[in-house]
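Position one of the sequence shown corresponds to residue 188 (this note's numbering), numbered consecutively onward. All C-beta atoms in this analysis are idealised placements derived from N, C-alpha and C, irrespective of residue type, glycine included. For reference, the structure discussed in these notes is given below.
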Amino acid sequence: MNRVFNKKILKKIFLFASLAAVGVLFLGTGVFLYAKSIESPVVYETGKPFHTDIVLKTVATGKIIPRLEVDIKSQVSGVVETIFVRPGDLVKEGDLLAKIRIIPDMERLSAAESQLETARISLSNASRELDRARKLFEEKLISETELNKYELDYALQHEAVSAAVDNVALIKEGATSKTGKISNQVKATVDGTVLDVPVKEGTFVIETNTFNEGTTIASIADMTDMIFEGKVDESEVGKLRQGMELVLDIGAIETEPFVAELEYISPKGVDDQGTIKFDIRAAVKLKSTHYLRAGYSANADIVLDKRDNVLAINEKNLIFADGKAFVDVEVASQQFERREVVTGLSDGINIEIVEGLTEGEVIKLL
Numbered sequence: 188m189n190r191v192f193n194k195k196i197l198k199k200i201f202l203f204a205s206l207a208a209v210g211v212l213f214l215g216t217g218v219f220l221y222a223k224s225i226e227s228p229v230v231y232e233t234g235k236p237f238h239t240d241i242v243l244k245t246v247a248t249g250k251i252i253p254r255l256e257v258d259i260k261s262q263v264s265g266v267v268e269t270i271f272v273r274p275g276d277l278v279k280e281g282d283l284l285a286k287i288r289i290i291p292d293m294e295r296l297s298a299a300e301s302q303l304e305t306a307r308i309s310l311s312n313a314s315r316e317l318d319r320a321r322k323l324f325e326e327k328l329i330s331e332t333e334l335n336k337y338e339l340d341y342a343l344q345h346e347a348v349s350a351a352v353d354n355v356a357l358i359k360e361g362a363t364s365k366t367g368k369i370s371n372q373v374k375a376t377v378d379g380t381v382l383d384v385p386v387k388e389g390t391f392v393i394e395t396n397t398f399n400e401g402t403t404i405a406s407i408a409d410m411t412d413m414i415f416e417g418k419v420d421e422s423e424v425g426k427l428r429q430g431m432e433l434v435l436d437i438g439a440i441e442t443e444p445f446v447a448e449l450e451y452i453s454p455k456g457v458d459d460q461g462t463i464k465f466d467i468r469a470a471v472k473l474k475s476t477h478y479l480r481a482g483y484s485a486n487a488d489i490v491l492d493k494r495d496n497v498l499a500i501n502e503k504n505l506i507f508a509d510g511k512a513f514v515d516v517e518v519a520s521q522q523f524e525r526r527e528v529v530t531g532l533s534d535g536i537n538i539e540i541v542e543g544l545t546e547g548e549v550i551k552l553l
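Laid out in structure tokens, this is it:
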């Protein structure tokens, strides 16, 4: 009897506990859902306009090169016998750079020797005719005018022999006795620094002429007058003008930037990987403490416009609608009103505020 009674009591206790647990669960769920349904107030970040310098600039990529660079060619064909300079040497106009050992063209040499022999025969004949004319003149059988004709013919034939001798010597040795000039000696045509000597001793070279560019013996440049050559995009070229200042960032020289003055803007654009770009050139203002080498790559910052110490905000905090610019201005704690502003110059991060805001006002940050 007692055992049956105890079982009933245990069942009641278990049922009560289960109902209590379910009640607590429902109550907790209700409290959780109620608390979640109540949204916490949103707190917006705020900030104030500030004074700063705004610089609008574009970047041109290019390289540093000498304004004057000359390729020195050989006047004769042959083999490089001696090279007297090497890259980096300073030379003056007229300095000897190399000597060429001439290998004569046999066809030209044969023609020149034949021409010389013909000239000598003609001279010998003119000499005999002159002697005969002089005897006739002494006997008063011909006039002085006739004698002058024979003397003139002799002088012309003598000059032809001299020219033929020089021509043979020039083909064989590269020099003539009359002028004293030696064509197989390659000399500098300008003052400057030797940039490159692309040939070596023993190299065969070709002369420069009307139909052939010829072999370059050395390249000489004036390293005291350097320029920056670069390209700018068509969207920026209309903002450039001659005389603008460029700040050059040369990768090989990390100490400080160089300054250059824009002196040329190409009137014609070129296609560069699908975009139209225009060539520009600027004179580099060299510093005595640095030495610029030809071919340095460089980036040029070109200042298109600038505002000093103007009121500005971060451009991302502007709201654009109907072609106008607005900002949310705080009128009370976390309460804002939308106000139209007039903007000025932007550098892509900060933008100038011309009208609509004062320095002390607070705006919503977006």
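When we look at the beta-carbon of residue 380 and count the other beta-carbons within 10 Å, is it buried (16 or more) or exposed?
If you number the sequence shown from 1, residue 380 lands on position 193. Note on residue 380: 16 or more other CB atoms within 10 angstroms of its CB, so buried under the neighbour-count rule.
Can you check DSSP and say which residues form a bridge with residue 403?
Position 216 of the sequence shown, counted from the start, is the residue given in the question as residue 403. The secondary-structure analysis by DSSP pairs residue 403 across a beta bridge with 260.
Enclosing alpha helix (DSSP H) for residue 424 [first to last residue]:
On the sequence shown, position 237 is the one that residue 424 refers to. For residue 424, the enclosing alpha helix (DSSP H) covers residues 421-424.
Residue 507 lies in the beta strand (DSSP E); which residues open and close that run?
Along the sequence shown, one-based indexing puts residue 507 at 320. Looking at the DSSP string, the run of the beta strand (DSSP E) that includes residue 507 is 506-508.
What would DSSP say about residue 238, mapped onto helix, strand or coil?
On the sequence shown, position 51 is the one that residue 238 refers to. Residue 238: strand per DSSP, three-state reduction.
Residues near residue 566 in its chain [Cβ-Cβ closer than 6 Å; skip 5 each side]
This structure cannot speak to residue 566, because the chain is shown only from 188 to 553.
Taking C-alpha atoms, which residue in 378, 383 and 354 lies nearest to residue 370?
Numbered from 1 along the sequence shown, position 183 holds the residue referred to as residue 370. The residue with the shortest Cα to Cα distance from residue 370 is 354.
Closest Cβ-Cβ distance between residue 428 and chain D: below 9 Å?
The displayed structure is made up of one protein chain only, and chain D is not part of it.
Evaluate the contact criterion for the stretch 498-518 versus the stretch 456-463: three or more CB pairs, one atom per stretch, below 8 Å.
Three or more beta-carbon pairs separated by less than 8 Å are not found between the stretch 498-518 and the stretch 456-463, which leaves the two stretches without contact.
Hey, would you say residue 414 sits closer than 9 Å to residue 439, going by beta carbons?
One-based indexing of the sequence shown puts residue 414 at position 227. One-based indexing of the sequence shown puts residue 439 at position 252. Contact flag unset, no.
Is the beta carbon of residue 259 closer than 9 Å to that of residue 404?
Start at 1 with the first residue of the sequence shown, and residue 404 comes out as number 217. Start at 1 with the first residue of the sequence shown, and residue 259 comes out as number 72. Yes, Cβ-Cβ distance for residue 404 and residue 259 is below 9 Å.
When you compare each of 389, 357, 216 and 305 to residue 348 by their alpha carbons, which one comes out closest?
Sequence index remark: in the sequence shown, residue 348 carries index 161 (1-based). The shortest Cα separation from residue 348 among 389, 357, 216 and 305 belongs to 305.
Just to confirm, does residue 277 get its C-beta within under 8 Å of one of the non-hydrogen atoms of the ligand GDP?
Summarising the ligand content, the structure contains no ligands, and the ligand GDP is consequently not present.
Going by DSSP, which residues form a beta bridge with residue 451?
Position 264 of the sequence shown, counting from 1, holds the residue named residue 451. Answer by DSSP bridge pairing, in chain order: 468.
Would you identify the three-state DSSP class for residue 533, choosing helix, strand or coil?
Stepping through the sequence shown from its first residue, residue 533 is reached at position 346. DSSP places residue 533 in the strand class (E or B) of the three-state scheme.
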